[in-house]
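Protein chains in written order, with the working numbering: chain A, 26 to 343; chain B, 318 to 642.
For each residue, glycine too, the CB sits at the ideal point set by N, CA and C.
Note that the structure is a prediction, hence the values are computed from the model and not measured.
Okay, so here's the structure we're looking at.
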């Protein structure tokens, strides 16, 4: 186990390096980044000043050296400054992180609360109306583009019925009740796909477990139907949904990019797209680093959780 | 058997006319209850993926014959018919007699036919999905085959690469690449192929690991077959089902990814009619002309749903082990 964890940690770091390196190379491939700071001969900037700037930003060095310099700073907790606002990248990310986390957390709760019980229900009542409803829900969630769900929601509940705000989170308001309405549609748009994934996984795992010997034994011993389903069967059937949680997390990060664009949500995803269009590569590299860190940590936690919920799993043996 | 049952049934009952007698016999012989037409209809629908196949068939036809099916071009502008609603909202057409065109599914803000653009959009979606999927599947299968067959450090290296690859925030990298290299169809296809390849490697490899311990593989080796020959002739046919199922299950995701990229303005160039682009454009006209965005959206929904449904069906038939996907 320990060896496995160390190995995982090592490859996690490797993932981070790969992700940031790709961004680094791509963002420099757009042309001389120096031009983003100062145009030679423009606005009365002297060549000496430009040379000084180049040296300060280490843009005169080879790309790989630039990357290593950046990496060295990041390890010490300094992600540099954004190009546009010239503020520390970590501050800018920190400001927007809350809104994205709020959305992601709610979407995850929605996905779990909807997906898992519906999955159990459609497995237990296989072939019934519930089963068909659940499967339709899953089929729809896996096929509908997130942005289309959002647009449809805005059209229906925002424009036509006027029940919910058609976008925009009330920005400076930290209190929940006033935000609740604005949160409904983004949460559902973001959470539907993971809910569908949870549903399908729970359903198929549940069907398998309900067919196993120990569940039959529990039934034969006279345990009530409800106890068998929720206490005996569900515990084992939850293992697959737990394992995909890391992937669900990535889904949220990628989904948040789209959802935040649709609902004008002031979070990381929207900022990421803006930073790309603004050529703000220090910010973008920081965001991508954060995304990759979240993914690596998330999948690590999911792996560890996996061994805890299912003691049969032993990573060392494989 | 038929001769035996037939006299029996006639001798006991009153003379029955020819037709009902034969149906009676058939149901007796087969041992099944007589089914109504609707029973059979639902049975067939549930057993075979007829509706999804129909949807996909229509999409392919629409994509291939788009220029023949539609009277106008995807970029033909008609300012008299701008934001014309779908044909069933006839009061608009009566109120605007100067507009001579009839729009089945409405027109966008410069009077381009939504349906025509959707037909042409199907071409792009289909082409992008098919090409990027093929490239991705070939690469992914090759990696899985080689990793599983040779094992050792090759296996270790390949699987770790897949792990690292899966950790990349792909959407953002794709947007960045689109900004860096400019938007074009080929860039989108390359990007999607880069997403697609890593998906099935693990399953293919697992399959190869079990196959390569079989006796017939050892025999092939004893007979002097080269590694390449063993992989291509003896192992590949055994994993082809897995590969096809995985590929089918991936099509929907690729169509969605392409649409998402286009929607975010980092996919197919905005001038090209694609479903993602149409939704992106139509978003601005949502409150006045909902049909611009909604119909392409439903097209994506329907096609992806059909592909996924078909993929599920194929998986249950060919490779039930993959059920957890």
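- Contacts with chain A at 9 Å (Cβ-Cβ) include residue 610 (chain B).
- When the beta-carbon positions are compared, residue 105 (chain A) and residue 311 (chain A) come within less than 9 Å of each other.
- DSSP links residue 430 (chain B) through a beta bridge to B:424.
- Here the C-alpha atom of residue 251 (chain A) lies approximately 19 Å from the C-alpha atom of residue 154 (chain A).
- Chain-order list of chain B residues neighbouring residue 325 (chain A): empty, with the shortest C-beta distance near 11 Å, by a criterion of under 8 Å.
- Around the CB of residue 87 (chain A), fewer than 16 other CB atoms lie within 10 Å, so the residue is classed as exposed.
- Under a 10 Å Cβ-count criterion, residue 503 (chain B) is classified as exposed, with fewer than 16 other Cβ atoms of the shown protein chains found around its own Cβ.
- For residue 261 (chain A), the enclosing alpha helix (DSSP H) covers residues 259-262.
- Assigned with DSSP and collapsed to three states, residue 590 (chain B) falls in coil, not helix or strand.
- Proximity to residue 570 (chain B) across A:336, A:164, A:239, A:182 peaks at A:164, based on C-alpha coordinates.
- Following the DSSP letters along the chain, one finds residue 241 (chain A) inside the alpha helix (DSSP H) bounded by residues 238-245.
- In the displayed model, residue 142 (chain A) falls within a helix according to three-state DSSP.
- Between the segment 208-228 of chain A and the segment 130-141 of chain A, the count of Cβ pairs shorter than 8 Å is three or higher; the stretches touch.
- If only uninterrupted alpha helix (DSSP H) runs of at least 4 residues are considered, those enclosed by the segment 253-323 of chain A are 259-262, 264-288, 293-302.
- Per the coordinates, the alpha-carbon of residue 548 (chain B) lies some 47 Å from the alpha-carbon of residue 253 (chain A).
- Contact of residue 140 (chain A) with chain B is not assigned, every C-beta pair being separated by 9 Å or more.
- Secondary structure of residue 637 (chain B) (DSSP, three-state): helix.
- By the beta-carbon neighbour count (other beta carbons within 10 angstroms, threshold 16), residue 220 (chain A) is buried.
- Per DSSP, the continuous alpha helix (DSSP H) segment holding residue 49 (chain A) begins and ends at 27-53.
- The Cβ of residue 162 (chain A) sits no closer than 9 Å to any Cβ of chain B.
- Assigned with DSSP and collapsed to three states, residue 366 (chain B) falls in coil, not helix or strand.
- Of all C-beta pairs linking the segment 493-500 of chain B to the segment 538-552 of chain B, fewer than three are shorter than 8 Å, placing the two stretches out of contact.
- Shortest Cα-Cα distance from residue 390 (chain B) to any of B:415, B:432, B:355, B:619 involves B:432.
- When secondary structure is reduced to three states using DSSP, residue 113 (chain A) falls in the strand class.
- Within chain A, no C-beta atom comes nearer than 7 Å to that of residue 430 (chain B); the closest sits roughly 21 Å away.
- In the same chain as residue 148 (chain A), and ignoring 5 residues on each side of it, the C-beta atoms closer than 6 Å to its own belong to 228, 231, 232, in chain order.
- Cβ atoms of residue 603 (chain B) and residue 180 (chain A) come within 8 Å of each other, at about 6 Å.
- Excluding five sequence positions before and after residue 294 (chain A), the CB atoms of its chain that fall closer than 6 Å to its own CB belong to 281, 282, 285, given in chain order.
- Legend: CB atoms of the segment 167-178 of chain A lying less than 8 Å from CB atoms of chain B belong to residues 167, 168, 169, 170, 171, 172, 173, 176, 177.
- In the three-state reduction of the DSSP assignment, residue 106 (chain A) falls in the strand class.
- The beta carbon of residue 269 (chain A) lies closer than 7 Å to those of 222, 226 in the same chain, with the five residues before and after it left out.
- No residue range can be given for residue 249 (chain A), since it is assigned to no alpha helix (DSSP H) and is classified by DSSP as neither H nor E.
- Residues of the segment 595-607 of chain B with a Cβ closer than 7 Å to any Cβ of chain A, in chain order: 596, 600, 603, 604, 607.
- Across the set A:115, A:327, A:166, A:183, the C-alpha of A:166 shows the shortest separation from the C-alpha of residue 213 (chain A).
- Contact between the segment 468-486 of chain B and the segment 510-529 of chain B is present, with at least three C-beta pairs closer than 8 Å.
- With respect to residue 111 (chain A), residue 488 (chain B) sits apart: the two C-beta atoms are not nearer than 9 Å.
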